[in-house]
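Protein sequences appear in the order of chains A and B.
If you count the first sequence from 1, position 130 lands on 129 in numbering that gives the first Met the number 0, and the numbers rise without skipping.
If you count the second sequence from 1, position 25 lands on 24 in numbering that gives the first Met the number 0, and the numbers rise without skipping.
Only one structure is covered here, and it is reproduced in the block below.
2 protein chains.
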Amino acid sequence: MKALIDRIKSEGTYLGGGILKVDGFVNHQIDPALTMAIGSEFVARFARAGVDAVTKVVTAEVSGIAPALATAQALGVPMVYARKHRPITMPDGFFLAEAPSHTKGGVVQLMISPEYLSAEDRVLLIDDFLATGLTIGAIAALIRQSRATLCGIGCVIEKVFEGGRDYLADLDVPIIVLARVDLNGDSFTVF
Amino acid sequence: MKALIDRIKSEGTYLGGGILKVDGFVNHQIDPALTMAIGSEFVARFARAGVDAVTKVVTAEVSGIAPALATAQALGVPMVYARKHRPITMPDGFFLAEAPSHTKGGVVQLMISPEYLSAEDRVLLIDDFLATGLTIGAIAALIRQSRATLCGIGCVIEKVFEGGRDYLADLDVPIIVLARVDLNGDSFTVF
Chain A
0 MKALIDRIKS EGTYLGGGIL KVDGFVNHQI DPALTMAIGS EFVARFARAG
50 VDAVTKVVTA EVSGIAPALA TAQALGVPMV YARKHRPITM PDGFFLAEAP
100 SHTKGGVVQL MISPEYLSAE DRVLLIDDFL ATGLTIGAIA ALIRQSRATL
150 CGIGCVIEKV FEGGRDYLAD LDVPIIVLAR VDLNGDSFTV F
Chain B
0 MKALIDRIKS EGTYLGGGIL KVDGFVNHQI DPALTMAIGS EFVARFARAG
50 VDAVTKVVTA EVSGIAPALA TAQALGVPMV YARKHRPITM PDGFFLAEAP
100 SHTKGGVVQL MISPEYLSAE DRVLLIDDFL ATGLTIGAIA ALIRQSRATL
150 CGIGCVIEKV FEGGRDYLAD LDVPIIVLAR VDLNGDSFTV F
């Protein structure tokens with residue numbers, strides 16, 4: 000997606016250690032117009048990949064919410080985000096999986112209420128980054144627990160050097176990314 | 000806002016103890032069309048209140064992100080959400096305030112990078128709930144630290160029985176809410 004790739008090239012910063020900073024338009028400050036265009040682009044690309052009759056978009060808090068909302072808006076279906084802390088409003092019997100924590104090491108729990116995901120649902124899984132694939136694998140586990148059908152995985156940016164695409168290959172669904180980043184010595188390339 | 004009030008009446012659940020559950024369309028599952036309409040409604044109402052030349056919409060993760068993104072999209076300006084954990088990409092000198100934690104008691108820290116909020120900014124503060132006002136007061140403190148101008152506060156749902164409007168009165172800005180909920184014995188009223 001050219002607008003996204005151009006933005007990463009002009010504003011993304013490589014901090015070393017595999018860390019790409021895109022806080023100015025994806026992670027901390029969000030560009031709404033770019034975000035809505037990302038949603039429309041996912042919908043167009045999944046349609047071309049033969050994915051149809053989607054009933055829900057699913058992501059995890061926090062940074063997946065914006066691109067998932069934009070995709071759900073373009074599809075006209077609800078968006079559900081997995082919670083990391085169980086709210087007092089969540090009933091027993093929730094779906095539960097674990098993913099590595101980005102902020103403090105260890106693991107974080109991801110939870111979805113059975114009220115909002117069930118066997119009748121056809122799901123697009125949307126997140127901001129495809130890195131190791133462990134977080135996306137955990138969201139896919141929640142979808143599997145609900146017996147919904149996972150139809151495809153869409154990520155805004157793939158860090159190809161982290162190997163997540165191979166990790167998720169067994170899910171056997173289309174994985175669509177809108178920009179790829181790879182390491183190139185002390186810098187990075189975007190394509 | 001009639002569509003929102005009708006939705007709370009038909010799908011909101013009062014769990015007792017002052018807890019209103021709206022997880023089906025605001026907090027865990029999100030209705031994108033309603034969310035985008037909420038953003039447009041905030042923009043129209045703040046314009047009528049004389050608020051103009053807004054340059055940023057600010058909220059806090061997690062549940063403020065969707066209505067804040069929709070409002071920023073309708074205004075055509077960036078949205079910034081305060082983080083609860085410092086990411087490794089956030090430089091020193093960040094703005095910091097504390098708010099009560101909804102999930103585990105105690106306090107949660109809210110942080111915004113000085114890269115994305117400065118004295119030139121005119122800010123709308125958007126969140127999902129106006130309850131005690133403590134979280135919104137903490138976000139307002141971040142905005143004050145940045146020396147940006149707070150122009151108005153918009154909340155999707157006001158729990159009038161928690162008194163947040165009085166708590167925030169000293170900020171002396173318009174506070175616009177799209178639905179109000181009050182207790183009525185073992186039930187609640189929406190207006």
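Glycine included, every Cβ here is placed at the ideal spot set by N, Cα and C.
Here the structure is a predicted model, which is why all the values come from computation and not from measurement.
- For chain A, is any of its Cβ atoms less than 8 angstroms away from the one on residue 72 of chain B? By this cut-off, residue 72 of chain B is an interface position.
- Tell me whether residue 47 of chain A is buried or exposed, calling it buried when 16 or more other Cβ atoms sit within 10 Å of its Cβ. Exposed.
- Task: Decide if residue 63 of chain A is buried, meaning its Cβ has at least 16 other Cβ atoms within 10 Å, or exposed.
- Result: Buried: at least 16 other Cβ atoms inside 10 Å.
- Which value, in whole angstroms, describes the spacing of the CA atoms of residue 120 of chain A and residue 111 of chain A? Those two C-alpha atoms are separated by around 14 angstroms.
- Query: At a cut of 8 angstroms, does the segment 130-143 of chain B reach the segment 51-67 of chain B through at least three beta carbon pairs?
  - Reply: Yes, they touch.
- Whose C-alpha, out of A:173, A:183, A:116, A:12, is nearest the C-alpha of residue 89 of chain B? Selected option, being the one with the closest Cα: A:12.
- Task: Output, in chain order, the set of chain A residues within a Cβ distance shorter than 8 angstroms of residue 96 of chain B.
- Result: The contacting residues do not exist; residue 96 of chain B stays about 16 angstroms from chain A at best.
- Item | Element boundaries [alpha helix (DSSP H), containing residue 166 of chain B] | Taken as a continuous stretch (DSSP letters only), the alpha helix (DSSP H) holding residue 166 of chain B covers 163-166.
- Item | Extent of the continuous alpha helix (DSSP H) run through residue 42 of chain B | For residue 42 of chain B, the enclosing alpha helix (DSSP H) starts and ends at 31-47.
- Output yes if chain A places a C-beta closer than 8 angstroms to the C-beta of residue 13 of chain B; else output no. False, the Cβ-Cβ gap to chain A never drops below 8 angstroms.
- Please indicate yes or no: does the CB of residue 84 of chain A lie closer than 7 angstroms to some heavy atom of the ligand MN? With respect to the ligand MN, the structure offers nothing, as it holds no ligand at all.
- Task: Use the C-beta contact count for residue 75 of chain A: other C-beta atoms within 10 angstroms, 16 or more gives buried, fewer gives exposed.
- Result: Exposed, because fewer than 16 other Cβ atoms sit within 10 Å of the Cβ of residue 75 of chain A.
- Message: Among the candidates B:108, B:10, B:85, whose CA atom is the shortest distance from the CA of residue 98 of chain B?
- Response: Distances from the alpha-carbon of residue 98 of chain B to those of B:108, B:10, B:85 put B:108 closest.
- Item | Integer-rounded CB distance, given that residue 73 of chain A should sit under 8 angstroms from residue 117 of chain A | No, residue 117 of chain A and residue 73 of chain A are not in contact; Cβ-Cβ is about 23 angstroms, not under 8 angstroms.
- Message: Could you compute how far the alpha carbon of residue 170 of chain B sits from the alpha carbon of residue 148 of chain B?
- Response: When rounded, the distance between both Cα atoms is 11 angstroms.
- Query: Is the segment 150-158 of chain B touching the segment 121-129 of chain B in the sense that three or more CB pairs, one from each, lie closer than 8 angstroms?
  - Reply: As far as the Cβ criterion goes, the segment 121-129 of chain B touches the segment 150-158 of chain B, which means the pair count is three or higher.
- Message: If we define contact as Cβ-Cβ less than 8 angstroms, is residue 206 of chain A a contact residue for chain B?
- Response: Given a span of 0 to 190 for chain A in the structure shown, any question on residue 206 of chain A remains unanswerable.
- In angstroms, rounded to a whole number, what distance separates the CA positions of residue 42 of chain A and residue 33 of chain A? Cα-Cα distance, rounded: 14 angstroms.
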